[in-house]
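One structure is given here, and the rest of the page talks about it.
Chains as they are written, first to last, in the working numbering: chain A, 99 to 211; chain B, 3 to 114.
Below, the structure written as structure tokens:
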């Protein structure tokens with residue numbers, strides 16, 4: 099079966115702009131989680147959606163938001179971009195049950211200049 | 003609060019040597035524990051996971067990990083390392099509703 103697909107793979111944006119990243123989960127998976135990966139902070143949990151509802155949220159400012167559609171595809175939006183938002187953004191999908199295995203996409207590399 | 007520590011930022015081993023990557027966690031309940039591997043420019047791949055039962059868990063690519071509740075540890079081991087094992091390794095603890103907390107990672111280099 100097809101894996102988790104993230105688009106685009108690479109993005110370059112300027113400070114102050116906004117950006118939308120997309121994640122298509124594995125067919126049948128209802129949970130989508132987003133992570134930010136940077137050399138300094140490592141992998142940090144952003145939020146998790148299950149059946150179109152945000153079920154968990156990490157400690158990120160309100161500039162980071164997301165949503166999930168009825169087909170389980172998810173988007174993440176970052177508004178008013180800052181240089182520090184440059185990172186690899188990873189999406190993971192799972193069945194959504196407690197402790198279920200998360201399958202990761204290859205990520206979107208966002209560079210803010 | 004839940005947390006995961008990986009004491010070793012970077013480890014270098016010779017090909018064919020044994021490997022042990024350390025992981026300690028802090029979590030109030032019985033955790034779900036994972037080890038993931040990340041190759042450069044790639045996403046994360048699950049190596050193995052512990053939910054309950056046998057504390058010695060076998061994973062893919064010849065890896066295994068042992069859960070020790072008394073030490074709050076979940077160390078990853080491999081008896082003989084291959085050059086292709088060079089990557090970043092992440093230990094993680096899963097809490098309710100699929101929220102996974104990752105450790106800072108250990109970078110593994112393999113000397114031919």
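C-beta: ideal position from N, C-alpha, C; glycine also.
Leaving aside the five residues before and after residue i along the sequence, list all residues of the same chain whose C-beta is less than 6 angstroms from its C-beta, in chain order.
i: residue 211 of chain A; result: 112
i: residue 160 of chain A; result: none
i: residue 186 of chain A; result: 135, 205 and 207
i: residue 171 of chain A; result: 122
Candidates the options: which alpha carbon is nearest residue i's?
i: residue 128 of chain A; options: A:117, A:201, A:192 and A:108; result: A:192
i: residue 152 of chain A; options: A:186, A:176, A:206 and A:130; result: A:130
i: residue 180 of chain A; options: A:209, A:144, A:105 and A:106; result: A:209
i: residue 55 of chain B; options: B:35, B:73 and B:103; result: B:35
i: residue 31 of chain B; options: B:71, B:91, B:85 and B:86; result: B:71
i: residue 194 of chain A; options: A:110, A:126 and A:135; result: A:126
i: residue 74 of chain B; options: B:88, B:41 and B:93; result: B:93
i: residue 162 of chain A; options: A:171, A:154, A:170 and A:144; result: A:144
i: residue 62 of chain A; options: A:184, A:203, A:190 and A:170; result: Since the first and last residues shown for chain A are 99 and 211, residue 62 of chain A lies out of range.
Taking 8 angstroms as the limit between beta carbons, can you name the residues of its chain near residue i, skipping five residues before and five after?
i: residue 82 of chain B; result: 18, 19, 20 and 64
i: residue 15 of chain B; result: 21, 83, 110, 111, 112 and 113
i: residue 124 of chain A; result: 99, 100, 101, 102, 191 and 201
Could you pull the start and end residues of the beta strand (DSSP E) that residue i belongs to?
i: residue 112 of chain B; result: 108-113
i: residue 132 of chain A; result: 129-136
i: residue 11 of chain B; result: Looking at the DSSP string, residue 11 of chain B is not in any beta strand (DSSP E), and its letter there is neither H nor E.
i: residue 102 of chain B; result: 102-104
i: residue 105 of chain A; result: 103-105
i: residue 79 of chain B; result: 75-80
i: residue 67 of chain B; result: 66-70
i: residue 190 of chain A; result: 185-192
i: residue 93 of chain B; result: 89-96
i: residue 165 of chain A; result: 162-166
i: residue 169 of chain A; result: Note, residue 169 of chain A: premise wrong, no beta strand (DSSP E); not H, not E.
i: residue 57 of chain B; result: Note, residue 57 of chain B: premise wrong, no beta strand (DSSP E); not H, not E.
i: residue 146 of chain A; result: 140-148
i: residue 36 of chain B; result: 34-40
i: residue 118 of chain A; result: 117-122
i: residue 155 of chain A; result: 151-155
i: residue 207 of chain A; result: 206-210
i: residue 28 of chain B; result: 26-28
Taking the Cβ atom as the reference point for each residue, do residue i and residue j lie within a distance shorter than 8 angstroms?
i: residue 27 of chain B; j: residue 6 of chain B; result: yes
i: residue 101 of chain A; j: residue 201 of chain A; result: yes
i: residue 9 of chain B; j: residue 95 of chain B; result: no
i: residue 188 of chain A; j: residue 133 of chain A; result: yes
i: residue 150 of chain A; j: residue 164 of chain A; result: no
i: residue 139 of chain A; j: residue 120 of chain A; result: no
i: residue 205 of chain A; j: residue 45 of chain B; result: yes
i: residue 51 of chain B; j: residue 199 of chain A; result: yes
i: residue 175 of chain A; j: residue 116 of chain A; result: yes
i: residue 90 of chain B; j: residue 40 of chain B; result: yes
Using a Cβ-Cβ cut-off of 7 angstroms (strictly less than) and excluding sequence neighbours within five positions of residue i, which residues of its own chain qualify?
i: residue 77 of chain B; result: 22, 23, 24, 25, 67 and 68
Sufficient close CB pairs (3 or more, under 8 angstroms) joining the region 106-113 of chain B to the region 52-64 of chain B: no
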